[in-house]
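Start counting the sequence shown at 159; every next residue gets the next number (the working numbering).
Note that the Cβ used here is the ideal one computed from N, Cα and C, for glycine as well.
Below you'll find the structure, written out as C-alpha cells, and then a few comments.
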Amino acid sequence: MIEFTLWDILRNLLLATRWTILLSLVSFAGGGAVGLGLLFLRISKRKTFRVLAKYYIELFQGTPLLMQLFIAFFGLGLFGIDVPAWLAAGLTLTLWSAAFLAEIWRGCVESIARGQWEASASLGMGRLQQMRYVILPQALRVAIPPTVGFSVQIVKGTALTSIIGFVELSKAGTVVTNATFQPFTVYGLVALIYFALCWPLSKSSQILERKLNVAHRNH
C-alpha cells in the first residue's frame, strides 16, 4: 500500500486548484461580457429586448446550477453532440454568472438619479452615449463591491462541476480521499483552500463598499 504524506495530499490538491482558479476567471470574464450585453437589453427602450433579457435572467436564476450543468453536459449528448467536461463547465458558469451580474448592474444603473438621464439627453446624447459617458462611470462605483462579492459565488459554484467529471478542487478531493482513505485530512485541506480563495474576495468587497460609501457621503 502506498503511503501518502501530508505534502503529497496538499500538492495534488494545489495542482487541481489551478483549474478552479482558471475556471473562475473564465466564468467571471465571460459572464461579465455577456452580462453587460444583457444589461443593455434589460434597460432598452424596446420592450422585446427587455422581455427577452428578463426571461433569460429568470431562467438561469430560477433553476439550479447543477441542473444547468447536467443539461449542458448530458442533454446535448442526446443529440449526438459530444461536449467535453471543461467546455460544459465553462459555458454553463459563464451563462449562469451573466444572469446574476446583469441584475446586479441593472440595480446599480437604476440607482443613478433620473436627472442624469434627462441632463445628458438635453445635450443631444444618444442612448449609448448616455450610458458610456454619464451613467456607467457613476454606476461603476456602486457596482464594484457587489460584483467582487459575487465572484465568491462563482468560485464556490465551480465545486458543482465535479459532478460532470471536471477535475477541479472538490473533485480532486474525492479522488485523493479514495486513494488515501483520509477524508478528514483531505476535505479539511480542501475547505482551507476554498477559504483562502474566497475570504480575500469577501473582505475586499466589504472594504470597497465601506470606502465607496464614505466617499459618496463626503462628496
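Return helix, strand or coil for residue i, following the three-state DSSP convention.
i, result
"residue 240", "coil"
"residue 201", "coil"
"residue 341", "helix"
"residue 269", "coil"
"residue 233", "helix"
"residue 175", "helix"
"residue 281", "coil"
"residue 305", "helix"
"residue 163", "coil"
"residue 373", "Note on residue 373: pLDDT 48, under 50, position unreliable in the model; the coordinate value appears next. Note: residue 373 maps to helix in three-state DSSP."
"residue 367", "helix"
"residue 276", "helix"
"residue 222", "coil"
"residue 324", "coil"
Do you know whose CA, among the options, lies nearest residue i's CA?
i, options, result
"residue 313", "234, 247 and 218", "247"
"residue 211", "256, 244 and 311", "256"
"residue 319", "293, 223, 285 and 233", "223"
"residue 328", "309, 307, 308 and 350", "350"
"residue 163", "331, 338, 369 and 342", "338"
"residue 175", "370, 362, 353 and 368", "353"
"residue 369", "302, 347 and 178", "302"
"residue 306", "177, 171, 165 and 189", "189"
"residue 177", "316, 234 and 364", "316"
"residue 204", "279, 240 and 285", "285"
"residue 191", "292, 258, 288 and 277", "258"
"residue 213", "274, 196, 235 and 294", "196"
Using the beta-carbon count (16 or more within 10 Å), is residue i buried or exposed?
i, result
"residue 261", "buried"
"residue 336", "exposed"
"residue 326", "buried"
"residue 206", "exposed"
"residue 290", "exposed"
"residue 272", "exposed"
"residue 232", "exposed"
"residue 322", "buried"
"residue 193", "buried"
"residue 330", "buried"
"residue 297", "buried"
Using 8 Å for Cβ pairs, my map puts residue i next to residue j. What's the rounded Cβ distance?
i, j, result
"residue 167", "residue 333", "At roughly 11 Å, the Cβ-Cβ gap does not stay under 8 Å, so residue 167 and residue 333 are not in contact."
"residue 310", "residue 360", "6 Å"
"residue 254", "residue 218", "5 Å"
"residue 252", "residue 185", "5 Å"
Closer than 7 Å to a non-hydrogen atom of the ligand GTP - does that hold for the CB of residue i?
i, result
"residue 338", "The ligand GTP is not part of the structure shown, which contains no ligands of any sort."
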